[in-house]
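Take a look at the structure set out below.
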Amino acid sequence: MSETTNGPGGVPLDDAGAEAEESRAPHRVIGTPPPAQARTLLGEAEGNEPPAPPRELPAEPDDPVTAKRAERIVAVCFTLSMLASIGFIAAYVGLPVHSVINTAHSNLWLGVSMAVAFGGLGVGATIWVRQLMPHVELTEARKPLASAAQDRAEFEQTFTEGAEASGFVKRPLIRRTLIGASLLVGIAPLVTLRDMGPLPGTSLRHTVWRKGMRLLVYGPNTPLRPADFASPGQMITVVPDGYQDNLDALAKATTIIIKFAPGELQAPTNLNWTVNDIVAYSKICTHVGCPVALYEHTTHHILCPCHQSTFDATRGAAVVFGPAARPLPQLPIGTDAQGYLIATSDYTVPVGPSFWERG
Ligand code: FES
């Protein structure tokens with residue numbers, strides 16, 4: 010009994026015709042997929058839903074000449090990528106790196122080859138998608154999310170049966186103690202909110218600096234005359250007299266003083282708060298409170314090592330770089346009857362990180 014096979018156009022073929030047809034079909038080679046066939050993108054509609062309109066991928070691009078050219082360009086891009094990857098390996102293995110110059114050259118070639126490798130892949134893939142792949146719009150119908158009425162009724166029945174079986178209604182002792190336990194287990198953690206207090210009040214707005222309080226050099230804790238600090242370009246850390254061992258106070262009150270040459274200090278620095286071109290700023294970074302420990306005397310920049318906020322010491326410690334949002338506050342200073350540097354008041358603005366309550 011002979012089988013009947015359909016040929017092109019659905020014309021039935023006998024056995025001999027089918028064999029001849031099969032022998033003419035191209036053999037597939039590994040890595041060479043069969044040519045694209047027109048095919049439906051979405052499956053058949055299910056149930057009683059109306060069938061989706063037929064949407065088919067075009068078998069081939071409209072313009073075979075353009076497609077062939079695009080194919081060659083894509084192949085060139087991918088080949089370039091391959092060569093660049095091989096070049097990367099060769100550069101890594103072959104180039105010496107035992108000096109700064111050699112390392113710089115090695116890094117250059119590694120970077121260039123890797124950029125070409127990824128760039129070739131990316132450009133090739135983009136051209137492939139845009140020039141050779143079919144441009145079709147796909148839409149998938151979504152089913153309603155709500156459960157069917159029967160499912161909801163079954164769930165309600167199961168829930169009611171479960172509630173009855175649990176004895177929640179029949180056993181009031183268990184029910185009441187369970188409700189009490191559930192409420193208390195939710196309330197109990199609330200008492201830990203007390204640990205968030207007491208509220209800081211105005212303490213964040215003030216430090217221990219007061220009028221007449223001497224500036225002590227941090228470490229030896231000695232007072233300082235302007236004449237002792239006469240070299241422009243220096244920065245030293247000072248602390249309030251009487252609080253040199255009080256770490257809580259120093260966390261806000263630690264201050265830096267910087268000596269400038271005449272005429273270097275500019276607005277918005279408050280010159281009335283300086284002495285002999287010595288200016289005092291808070292040492293607490295206005296970003297998140299690290300100590301601003303570095304001073305670059307050629308640029309007059311104060312640097313915070315934590316996140317690289319940079320402040321211009323000649324212009325009121327204005328922020329010139331980094332995440333800090335406010336200048337370092339300036340401490341008003343003067344001299345007392347013995348000629349020592351003193352604060353003439355507390356800081357007039359809050360020191361330290363910018364909190365929302367500081368406006
Ligand atoms: S704490 Fe100074 S920059 Fe972040």
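In the working numbering, the protein residues as written are 10 to 368. Beta carbons: idealized from backbone N, C-alpha and C, even for Gly. Just so it is clear, the structure is predicted and the values come from calculations on it, not from any experiment.
- Between the ligand FES and the CB of VAL297, the shortest heavy atom gap is smaller than 6 Å.
- Per DSSP, ASP257 lies in no beta strand (DSSP E); the unbroken alpha helix (DSSP H) holding it starts and ends at 256-262.
- Annotation: the continuous alpha helix (DSSP H) that includes GLY131 extends over 109-136.
- The beta carbon of HIS316 lies closer than 7 Å to those of HIS296, GLY331, PRO332 in the same chain, with the five residues before and after it left out.
- When DSSP assignments are scanned along the region 259-315, the uninterrupted stretches of beta strand (DSSP E) that are 3 or more residues long and fall wholly within it turn out to be 264-268, 287-291, 303-305, 310-312.
- For THR246, the beta-bridge partners assigned by DSSP are ILE265.
- Going by C-alpha positions, VAL284 is about 19 Å away from HIS306.
- The nearest non-hydrogen atom of the ligand FES is 6 Å or more from the C-beta of GLY171.
- The Cβ neighbour count for GLN159, taken over all protein chains shown within 10 Å, is under 16; the residue is labelled exposed.
- Taking the Cβ atoms as the reference, TYR101 lies roughly 6 Å from LEU119, within the contact range of under 8 Å.
- Proximity of the beta carbon of HIS316 to the ligand FES is indicated: a heavy atom of the ligand is located closer than 6 Å.
- Looking at the backbone, the Cα of ARG151 and that of HIS144 are separated by about 23 Å.
- Contact fails between the region 272-288 and the region 298-305, because fewer than three Cβ pairs, one in each stretch, are under 8 Å apart.
- Using a cutoff of 6 Å, the CB of GLY361 does not count as near the ligand FES, since none of the ligand's heavy atoms is closer than that.
- Within the region 316-348, there are no complete alpha helix (DSSP H) runs of at least 4 residues.
- For ILE351, DSSP records a beta bridge to ARG223, GLY343.
- Straight-line measurement puts the Cα of ARG185 at about 14 Å from the Cα of VAL194.
- By the Cβ-count criterion, LEU274 is buried, with 16 or more other Cβ atoms from all chains shown falling within 10 Å of its own Cβ.
- A distance below 7 Å separates the beta carbons of VAL247 and ILE266.
- In this chain, the alpha helix (DSSP H) harbouring LYS77 covers 73-103.
- The closest heavy atom of the ligand FES lies 6 Å or more from the beta carbon of CYS86.
- Annotation for GLY343 indicates a beta carbon at 6 Å or more from all heavy atoms of the ligand FES.
- PRO198 carries a helical assignment under DSSP once its states are collapsed to helix, strand and coil.
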